[in-house]
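Undergrad: Residue numbers (the numbering used here): 120 to 426.
C-beta: ideal position from N, C-alpha, C; glycine also.
All of these numbers come straight from a predicted model, not from anything done at the bench.
Dropping the structure in here first, questions after.
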Ligand code: NAP
């Protein structure tokens, strides 16, 4: 138990990521009090009922009054409007951060609204599930996951304090610039999601198969695609609209690789396929050795993945 790192925390948006942060801050005593704002009365009521917020407010402006840390946890496309609303109400010396999946677009949307004397330290937890909303959060979501900070011109002491919060919630913290973040995430998260959406879309178009066999026989690779393709439509629409360049770059490379494999299949080039799959298998081993996934068969599905 480290004691509160921030006296008053305001969460703007009360979905999966914000509610998980709140559960973690409460579990490990990291915030003196937690104020919250969400768009709908249903979500605000749920936050109070579940008990991860001490108080909820009808406006984002009211929620950030007196806050030492403000966390923007809304879809990337909503960041600009929320930042414009809270800007004039931020306490001098406060820190503003976000958890958006794209960083350059968030910096452009939020930074102009941050007043002098307030530090803006963008961030992105590389943790999530395909579930969303205030009921989906849990305290251990960030355990042994990476959290990327984009410090920009923020004061080092503000960055260090935010780093301490994420470490106390169980995350490993790294720092990088926004453009690099967006390229790395286009490879590791954004393009794979697009491919999963596409694969499930292909099956959907083959409706004769979809109606019966796809569901019945989905124990194989397709099931993992459907899990990813069940992710929140608003969040992922915003990710692709705002990380356009990097996603298109990686998608171009993906298409070239796909044609290489397509040609090998057509030409019966088994050696190429075997060598390619041997290299990709080594990447999977590396991920397991780095503790970023389980080596258990079937991704350890028999165990609950919530803590
Ligand atoms: P979520 O569960 O869908 O929750 C989103 C929250 O934002 C809700 O409280 C919602 O309010 C509010 N909201 C939605 N649209 C809004 C708008 N136009 N104006 C004001 N508030 C709005 O989302 P999440 O998964 O926590 O994602 C939040 C952020 O974290 C996103 O930027 C996302 O890119 C990022 N992120 C997500 C994951 C993931 O796996 N899910 C991982 C890392 C980072 P209502 O409930 O009242 O509608």
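Leaving out five residues before and five after residue 368 in sequence, what residues of the same chain have Cβ atoms less than 8 Å from its Cβ?
TA: The answer, listed in chain order, is 302 and 305.
Undergrad: Taking all protein chains shown into account, do 16 or more other C-beta atoms lie within 10 angstroms of the C-beta of residue 217, making it buried, or fewer, making it exposed?
TA: With 16 or more Cβ atoms within 10 Å of its Cβ, residue 217 is classed as buried.
Undergrad: Under 8 Å by Cβ, that's how I've got residue 254 and residue 165 pegged, so tell me the actual separation to the nearest angstrom.
TA: With 8 Å as the limit, residue 254 and residue 165 qualify as a contact, their Cβ atoms being about 6 Å apart.
Undergrad: Does the distance from the CB of residue 186 to the CB of residue 129 come in under 9 Å?
TA: Yes, these two residues count as a Cβ contact at 9 Å.
Undergrad: Just checking residue 163 against the ligand NAP - is the residue's beta carbon closer than 8 Å to any of the ligand's heavy atoms?
TA: Yes, the ligand NAP has a heavy atom inside 8 Å of this Cβ.
Undergrad: For residue 278 and residue 213, what's the separation of their Cα atoms in angstroms?
TA: Distance between the alpha carbons of residue 278 and residue 213 is about 12 Å.
Undergrad: For residue 341, report the span of its alpha helix (DSSP H) as first-last.
TA: Unbroken alpha helix (DSSP H) run through residue 341: 340-347.
Undergrad: Any idea what DSSP makes of residue 425, helix, strand or coil?
TA: Legend: pLDDT at residue 425 = 38, less than 50; position of this residue unreliable, no value from coordinates given.
Undergrad: Is residue 259 helix, strand or coil when you go by DSSP?
TA: The answer is coil: DSSP assigns residue 259 none of H, G, I, E or B.
Undergrad: Within 10 angstroms of the Cβ of residue 222, are there 16 or more other Cβ atoms? Answer buried if so, exposed if not.
TA: Buried: at least 16 other Cβ atoms inside 10 Å.
Undergrad: Taking residue 294 as part of the beta strand (DSSP E), name the residues at either end of that continuous run.
TA: Unbroken beta strand (DSSP E) run through residue 294: 291-294.
Undergrad: At what residues does the alpha helix (DSSP H) containing residue 405 begin and finish?
TA: Per DSSP, residue 405 belongs to the alpha helix (DSSP H) from 389-408.
Undergrad: Apart from the five residues on each side of it in sequence, which residues of its chain come closer than 6 Å, Cβ to Cβ, to residue 143?
TA: Within the same chain, residue 143 has close Cβ partners 258 and 288.
Undergrad: Please state the DSSP three-state secondary structure of residue 378.
TA: Correct three-state label for residue 378: helix.
Undergrad: Give me the residue from 375, 191, 200 and 403 with the minimum Cα distance to residue 240.
TA: Selected option, being the one with the closest Cα: 191.
Undergrad: Assign residue 221 to one of three DSSP states: helix, strand, or coil.
TA: DSSP places residue 221 in coil when its eight states are reduced to three.
Undergrad: Per DSSP, which one or two residues make a beta bridge with residue 238?
TA: In DSSP, residue 238 forms a bridge with 214.
Undergrad: From the DSSP output, in three-state form, read off residue 267 for me.
TA: Looking at residue 267 - three-state DSSP - the assignment turns out to be strand.
Undergrad: According to DSSP, is residue 194 part of a helix, a strand, or is it coil?
TA: Coil, per DSSP.
Undergrad: According to DSSP, simplified to helix, strand and coil, what is residue 324?
TA: If DSSP states are grouped into helix, strand and coil, residue 324 belongs with the helices.
Undergrad: Using only the heavy atoms of the ligand MN, determine whether one of them is closer than 8 Å to the beta carbon of residue 219.
TA: Absent from the structure shown: the ligand MN. Ligands present: the ligand NAP.
Undergrad: So what's residue 371 in DSSP terms, helix, strand or just coil?
TA: In this structure, residue 371 counts as helix in the three-state DSSP scheme.
Undergrad: Run the CB neighbour count on residue 402, radius 10 Å, all protein chains shown included, and call it buried at 16 or more, exposed below.
TA: Counting Cβ neighbours within 10 Å, residue 402 comes out exposed, since fewer than 16 surround it.
Undergrad: Under the rule that 16 or more other beta-carbon atoms within 10 Å means buried, what is residue 276, buried or exposed?
TA: Residue 276 should be labelled exposed.
Undergrad: With a threshold of 8 Å, establish whether the CB of residue 324 neighbours any heavy atom of the ligand NAP.
TA: Answer for residue 324: no, Cβ out of range of the ligand NAP.
Undergrad: In this structure, what does DSSP give as the bridge partners for residue 244?
TA: Beta-bridge pairing links residue 244 to 266.
Undergrad: Taking only runs of the beta strand (DSSP E) that begin and end inside the region 121-164, which ones reach a length of at least 3 residues, in chain order?
TA: Segments of the beta strand (DSSP E) lying fully in the region 121-164: 125-131 and 150-156.
Undergrad: Grab me the residues of residue 424's own chain with a C-beta within less than 7 Å of its C-beta, minus the 5 sequence neighbours each way, in chain order.
TA: Low confidence applies here, because residue 424 scores a pLDDT of 43, under 50, leaving its location unreliable and the question unanswered by this model.
Undergrad: May I ask whether a heavy atom of the ligand NAP can be found less than 8 Å away from the beta carbon of residue 353?
TA: Yes; taking the cut-off as 8 Å, the Cβ of residue 353 has a heavy atom of the ligand NAP nearer than that.
Undergrad: What residues are listed by DSSP as bridge partners for residue 174?
TA: DSSP output for residue 174 lists 154 as bridge partner(s).
Undergrad: Do you know how far the Cα of residue 291 is from the Cα of residue 224?
TA: Those two C-alpha atoms are separated by around 24 Å.
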